[in-house]
DNA sequence: CCTTACCCTCACGTTAACGTCAATTTAAGG
DNA sequence: CCTTAAATTGACGTTAACGTGAGGGTAAGG
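Residue numbers (our numbering), protein chains in the order written: chain A, 14 to 148; chain B, 14 to 148.
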């Protein structure tokens, strides 16, 4: 019932670049690119990158950030904030603010998309009217 | 009550590049760029571009297309279709198909956006929970 | 020893839709 | 005629997030 022993069997302590690339369906190029952007900093054994669990966790955060539409630059800033002093209320509030701003953006975007849809539907109806023999 | 006379006073027969750029709030660069992309082909008086009402109408279509998310390439294809034989049912059906496909895209996009919003809201709630003193 | 399979570091290429000069030419007005 | 104001044609720059080789090192298996 030793938790860490259990986890050790399921989740390795260290990952190669192709481990992560296949797990998350990213190219190795992408992982190296993220590194140049300061999102990951794996250790090295010689030249070869060795990713820790922490690296993997950060990668997950990166991908989650992307899913909700943050840029890599945004994501880096937020990761850096968390690193400064994890759990620090001030940092959390900053991120929270960013999140809410982003939600605002997304809601505006949603409205735009909805407008585009009604626009196009209107156009479609006109065109269909032109094509309808029983006009 | 001569319609064309009335219109002639309100809408000029010919437009300069800055007329159109200010009317539609585009830069002249943009109008020239659209020309290189085959979206507009104004006549020339010497070197100077002279846009007809038809050019202006096409420009309106371009902008409408952009508003609903078509790329300039898409828009050109569609404009070309219209030009082939305006009012031809076949062409209309083709465009109609494109429109419906685009509507599908947009609806998927809308779902994505909605998911991102709920994602972020969830995250916000977690963070707020961490900040909540009465936790 | 040789092949395979990964790993690495440059470093230029890609896509979209223009922006931003630079160097001229033309048009309009006094 | 002279001076601006506006137009013209290149042609390189920008942004994001990687893609795509080129050229080379390393380690395991047969």
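Positions of the beta carbon are idealized from the N, C-alpha and C atoms, including for glycine.
Beta carbon proximity, residue i to chain A, threshold 8 Å
i, result
"residue 132/B", "yes"
"residue 70/B", "no"
"residue 112/B", "yes"
"residue 88/B", "no"
"residue 80/B", "yes"
"residue 27/B", "no"
Where residue i sits in the DSSP three-state scheme
i, result
"residue 74/A", "helix"
"residue 61/B", "strand"
"residue 112/B", "helix"
"residue 56/B", "strand"
"residue 83/A", "coil"
"residue 24/A", "coil"
"residue 103/B", "helix"
"residue 39/B", "coil"
"residue 136/B", "helix"
"residue 223/B", "Within the shown structure, residues of chain B are numbered from 14 to 148, placing residue 223/B beyond reach of any answer."
"residue 29/A", "coil"
"residue 117/A", "helix"
"residue 96/B", "helix"
"residue 50/B", "coil"
"residue 68/A", "helix"
"residue 16/B", "With a pLDDT of only 47 at residue 16/B, under the threshold of 50, the placement of this residue in the model should not be trusted; the figure read from the coordinates follows. Helix, per DSSP."
"residue 147/B", "coil"
Residue from the options whose Cα sits closest to the Cα of residue i
i, options, result
"residue 136/B", "38/A, 54/A, 39/A and 111/A", "111/A"
"residue 104/B", "101/A, 102/A and 141/A", "141/A"
"residue 81/A", "115/A, 39/A, 38/A and 25/A", "115/A"
"residue 107/B", "107/A, 144/A and 64/A", "144/A"
"residue 27/A", "51/A, 89/A, 38/A and 61/A", "61/A"
"residue 72/B", "117/B, 59/B and 45/B", "45/B"
"residue 31/A", "58/A, 57/A and 63/A", "63/A"
"residue 23/A", "129/A, 38/A, 51/A and 66/A", "66/A"
Below-8 Å beta-carbon distance, residue i vs any chain B residue
i, result
"residue 108/A", "yes"
"residue 143/A", "yes"
"residue 67/A", "no"
"residue 30/A", "no"
"residue 119/A", "yes"
"residue 73/A", "no"
"residue 105/A", "yes"
"residue 135/A", "no"
"residue 140/A", "yes"
"residue 115/A", "yes"
"residue 38/A", "no"
"residue 24/A", "no"
Tell me whether the region 65–84 of chain B and the region 112–122 of chain A touch, counting them as touching only if at least three CB pairs, one residue from each stretch, are closer than 8 Å.
no
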